[in-house]
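Trainee: Residue numbering for the sequence shown follows full-length UniProt numbering, beginning at 1 and increasing consecutively. Each residue gets a CB set at the ideal place from its N, CA and C atoms; glycine is no exception.
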Amino acid sequence: MNFARRLMNHPAFALVYERVWRPTSFFLVSGRTMGADRADAVRALRLDRPRTVLDIACGPGNFTRHLSEKNAPGGHAVGIDFSVPMLRQARADNTGPDVSYVRGDARRLPFPDGSFDAVCCFGALYLIPDPLVAAQEMVRVLAPGGRIAISTSYRYRNRFGRAVCAAISAIIGVRFFDNDVFPKLFVEAGLVDVEQQVHGLLQYLSATRPE
Numbered sequence: 001m002n003f004a005r006r007l008m009n010h011p012a013f014a015l016v017y018e019r020v021w022r023p024t025s026f027f028l029v030s031g032r033t034m035g036a037d038r039a040d041a042v043r044a045l046r047l048d049r050p051r052t053v054l055d056i057a058c059g060p061g062n063f064t065r066h067l068s069e070k071n072a073p074g075g076h077a078v079g080i081d082f083s084v085p086m087l088r089q090a091r092a093d094n095t096g097p098d099v100s101y102v103r104g105d106a107r108r109l110p111f112p113d114g115s116f117d118a119v120c121c122f123g124a125l126y127l128i129p130d131p132l133v134a135a136q137e138m139v140r141v142l143a144p145g146g147r148i149a150i151s152t153s154y155r156y157r158n159r160f161g162r163a164v165c166a167a168i169s170a171i172i173g174v175r176f177f178d179n180d181v182f183p184k185l186f187v188e189a190g191l192v193d194v195e196q197q198v199h200g201l202l203q204y205l206s207a208t209r210p211e
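In structure tokens form, the structure reads like this:
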């Protein structure tokens, strides 16, 4: 297990992840605030009508609870994570009437095909072993007409940028993805309305599963 994944499974880190680490680190690498990311997530998942939402690698549940609060009445959000300390923190800090948490592996989601109207994974695919398998699992559990949204790392195309990404990857174990990896996966899986934005070292994608 690399440094970044060990950190995610440390009880002390779960206490500061959403309060300090994530807002600071994401702003440094993308120039975006947590508020902007949350607002875009709500728009991308189209929570203006009741949705069953699956938040993969939910960590301490801040995004999960936010999505449940912004969901239309009658919706429900489920957060899933492999880290026991993160889930313990989620249940302590981010419970609610329309939120549930489950422990599980993103590569083998414990849900039937087409279980969710909206599926997301924000800031985690670069840590998950076999990230493309995890992305395919996201598509599998997405219902017809449903929305999928991810944010993950972006590998610069120029030589200097690729060297920076390689150095970060070697030090902390974060993977970086070319800009065509996930759009291609989504299209090959039959998704439509694929949209992609790049902000610094992060890329944001959303798509729809046809009805």
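Less than 8 Å between the beta carbons of G94 and P50, yes or no?
Mentor: At residue 94 the sequence reads Asn, which differs from the Gly that was named. No, they are not a contact pair.
Trainee: Between the alpha carbons of C165 and N158, how many angstroms are there, rounded?
Mentor: When rounded, the distance between both Cα atoms is 11 Å.
Trainee: Ends of the alpha helix (DSSP H) at S25?
Mentor: Start and end: 22-30.
Trainee: Could you have a look at I80 and say whether DSSP puts it in helix, strand or coil?
Mentor: Reduced to three states, the DSSP call for I80 is strand.
Trainee: Grab the span of the alpha helix (DSSP H) containing F186 for me, first residue to last.
Mentor: Element bounds for F186: 181-188.
Trainee: Using C-beta distances below 8 Å, list every residue in its chain close to V141, excluding the 5 sequence neighbours before and after it, in chain order.
Mentor: Closer than 8 Å at the Cβ level, and outside the excluded window around V141, lie L54, L109, F111, P112, D113, G114, S115, F116, V119.
Trainee: Measure how close the beta-carbons of I128 and A57 come, nearest whole angstrom, since I'm counting them as under 8 Å.
Mentor: With 8 Å as the limit, I128 and A57 qualify as a contact, their Cβ atoms being about 7 Å apart.
Trainee: Identify whether S68 lies in helix, strand or coil by the three-state DSSP scheme.
Mentor: Reduced to three states, the DSSP call for S68 is helix.
Trainee: What is the DSSP secondary structure of F63, counted as helix, strand or coil?
Mentor: Looking at F63 - three-state DSSP - the assignment turns out to be helix.
Trainee: What residues are listed by DSSP as bridge partners for S153?
Mentor: Paired residues: L202.
Trainee: Under a three-way DSSP split, which group does C165 fall into?
Mentor: Helix at C165.
Trainee: In whole angstroms, what separates the C-alpha of A149 from that of T33?
Mentor: For A149 and T33, the distance between alpha carbons rounds to 17 Å.
Trainee: Decide if I172 is buried, meaning its Cβ has at least 16 other Cβ atoms within 10 Å, or exposed.
Mentor: Flag for I172 reads exposed.
Trainee: Would DSSP call I56 helix, strand or coil?
Mentor: Strand at I56.
Trainee: State buried or exposed for E137, treating a residue as buried only when at least 16 other CB atoms are found within 10 Å of its CB.
Mentor: By the 10 Å Cβ count, E137 comes out buried.
Trainee: Would the segment 182-190 and the segment 201-211 be scored as touching if the rule is three or more Cβ pairs under 8 Å?
Mentor: Short answer: they touch.
Trainee: Buried or exposed: where does T24 fall if 16 or more other Cβ atoms within 10 Å of its Cβ makes it buried?
Mentor: Its Cβ having fewer than 16 others within 10 Å, T24 is exposed.
Trainee: Return the first residue and the last residue of the alpha helix (DSSP H) that A39 is part of.
Mentor: Where A39 is concerned, the enclosing alpha helix (DSSP H) stretches over 34-45.
Trainee: Measure the Cβ-Cβ separation of D98 and G75 and say whether it is below 8 Å.
Mentor: Going by C-beta atoms, D98 is nearer than 8 Å to G75.
Trainee: Put R175 into one of helix, strand or coil per three-state DSSP.
Mentor: R175: coil per DSSP, three-state reduction.
Trainee: Using the Cα positions of P85 and G104, report the straight-line distance between them to the nearest angstrom.
Mentor: Answer to the nearest angstrom: the Cα atoms are 13 Å apart.
Trainee: Buried or exposed, going by whether 16 or more other CB atoms sit within 10 Å of the CB of G31?
Mentor: By the 10 Å Cβ count, G31 comes out exposed.
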